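Going by the working numbering, the first residue of the sequence shown is number 254, and it counts up by one from there. See below for the structure under consideration.
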Amino acid sequence: MKNLLLKMGAIMLGLVVLLGCSSDKVRDFIPGVYVNSAGGEFSVASDTLAVELIEGNNYLIHRMTGFNLVTNGKLGKREYEVEKWIGVYSSDTQRLTETKKGKLISFFPEKGSLMVGQRVYRKVD
């Protein structure tokens, strides 16, 4: 009887370990703050995405952008834009789909980043 209890305990412990290993690492990585900077001939911009879980598979994404237009080689005054997006997470694709325009947001926990289209954001928090 004692051996049976020990075997059952070992099996239960093994199941707990297996279940713990099967968590969605991408989903765990999603909440946080991500930044991106870009510049060109006509503007200089910095983008911040703050991603938070609302409920279930739904996420709220606050996009805050600061930019300067470049006119005749001179940097204009700093301007700002703020947007709110809703994203739905798919555990099959491990991506968020933004609900209004259908933007796909991919996450790369091993690199500490996310991508919206071709734009790469680095996670800072």
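For each residue, glycine too, the CB sits at the ideal point set by N, CA and C. Here the structure is a predicted model, which is why all the values come from computation and not from measurement.
Check                                                                                                                                      : Outcome
Which term fits residue 333, buried or exposed, when burial requires 16 or more other beta carbons within 10 angstroms of its beta carbon? : exposed
Would you identify the three-state DSSP class for residue 288, choosing helix, strand or coil?                                             : strand
Classify residue 340: buried if its beta carbon has 16 or more other beta carbons within 10 angstroms, exposed otherwise.                  : buried
Just checking my contact of residue 374 with residue 288 at CB under 8 Å: how many whole Å lie between their CB atoms?                     : 6 Å
Run through the region 282-365 for me and flag every whole beta strand (DSSP E) of 3 or more residues, listed as ranges in chain order.    : 285-292, 296-308, 311-324, 332-343, 348-351, 357-361
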